[in-house]
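Numbering (the numbering used here), first residue to last: 1234 to 1572.
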């Protein structure tokens, strides 16, 4: 499915690690010409995507994202520094709260109620624009269909539905912390369980016209490369990192082979005497399937593997540090690309 987008921003999921995306957005939107045609996100990346694409007026994109992180940051001045990173295990008033129906414990399928997130988003998101199928930029959110065991992509320009808060919540429904989300009698978990970097879906939505300059910015929250773990804590952290890291590298290597196919097809179609293969069945089959050149993919992310529970650390110190790192590393990456 070829779309009309020429540039895109892709945002990974990762809970509290998503504050890195706030910093990256600050750096990207400082570029006067940064205005992606498509923003795609998973889990916390879906929240980032919606706040950047559909901020409630008069908030601007980065202002809406900043307001979200101000709301979900946990200040616990009376809690010791060693315990503070784990304060969110007792809940986050603007994001999730612990269940209290203890007598029903053996029937639980999650530990927290995610309704506070819905209320927070209602304050920061333009719900009318979210439901619009023509608003710009385009949005792409993903969730895992629990019964089918497959990824589902929710597009803002879909003919079947308009996006709602339900689609954002579905993308964020990470078990066993959060409950499964139900949309049209289908049940969903966090999209990151299946694919935490929806790059393939974004490629399908890009303009495939010859000569179009296509660029995708990918904000990774989990680095692929890391040192060998030396203890059980590091092993647990590395396992989580590998589960949610960007797994698109091999796909991109394969896709780049298609560049030669695209070049060949374009050369054949541009022959002075006309296309000699226009009636050839093999040519028709390739033409019918479509072909595109792989766009420029610009990846940004932290070099350090997060600790096992860093994705649950909503303390002000951690959130501010990640936002600073995201901004600084993105600015350096942008400067390096220009040189």
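Think of the CB as a built atom: it goes at the ideal place given N, C-alpha and C, for glycine as much as any other residue.
1. Buried or exposed, going by whether 16 or more other CB atoms sit within 10 Å of the CB of residue 1465?
2. Quick one: grab the DSSP three-state call for residue 1277.
3. Pull up the distance between the alpha-carbon of residue 1301 and that of residue 1354, whole angstroms please.
4. Run through DSSP, which three-state label would residue 1616 get?
5. Here's the rule I'm using: 16 or more other beta-carbon atoms within 10 Å means buried, otherwise exposed. How should residue 1306 be labelled?
6. Helix, strand or coil, according to DSSP, for residue 1560 in the structure here?
7. Are there 16 or more other CB atoms within 10 angstroms of the CB of residue 1544, so buried, or fewer, so exposed?
8. Measuring only the C-alpha atoms, how far is residue 1413 from residue 1570?
9. Taking only the alpha-carbon atoms, compute the straight-line gap between residue 1451 and residue 1295 and give it to the nearest angstrom.
10. Determine the burial state of residue 1387: buried for a count of at least 16 other Cβ atoms within 10 Å of its Cβ, exposed for fewer.
11. Quick one, are the C-beta atoms of residue 1542 and residue 1345 less than 8 Å apart?
12. Tell me which same chain residues have a C-beta within less than 7 Å of the C-beta of residue 1408, skipping the five on either side of it?
13. Give me whichever residues DSSP pairs with residue 1494 in a beta bridge.
14. Considering only DSSP beta bridges, list what residue 1387 is partnered with.
15. Just to confirm, is the Cβ distance from residue 1555 to residue 1250 under 8 Å?
16. Within 8 Å, do at least three Cβ pairs link the region 1285-1299 to the region 1427-1447?
17. On a Cα-Cα basis, can you pick out the residue from 1331, 1461 and 1527 that is closest to residue 1323?
18. Along the chain, which unbroken stretches of the beta strand (DSSP E) at least 3 residues long are found entirely within the region 1506-1546?
19. Classify residue 1383: buried if its beta carbon has 16 or more other beta carbons within 10 angstroms, exposed otherwise.
20. For the beta strand (DSSP E) that residue 1320 lies in, which residues bound it at each end?
21. What number of angstroms, rounded off, separates the C-alpha of residue 1272 from the C-alpha of residue 1244?
22. For residue 1546, count the other beta carbons within 10 Å of its own beta carbon; 16 or more makes it buried, fewer makes it exposed. Which is it?
23. Please identify the residue among 1471, 1390 and 1437 whose C-alpha is closest to the C-alpha of residue 1362.
Concretely, from the data shown:
1. exposed
2. helix
3. 8 Å
4. Given a span of 1234 to 1572 for the chain in the structure shown, any question on residue 1616 remains unanswerable.
5. buried
6. helix
7. buried
8. 41 Å
9. 17 Å
10. buried
11. no
12. 1343 and 1422
13. None; residue 1494 has no bridge partner.
14. 1374
15. yes
16. no
17. 1331
18. 1529-1533
19. exposed
20. Counting along the chain, residue 1320 falls outside any beta strand (DSSP E), and DSSP gives it neither H nor E.
21. 8 Å
22. buried
23. 1390
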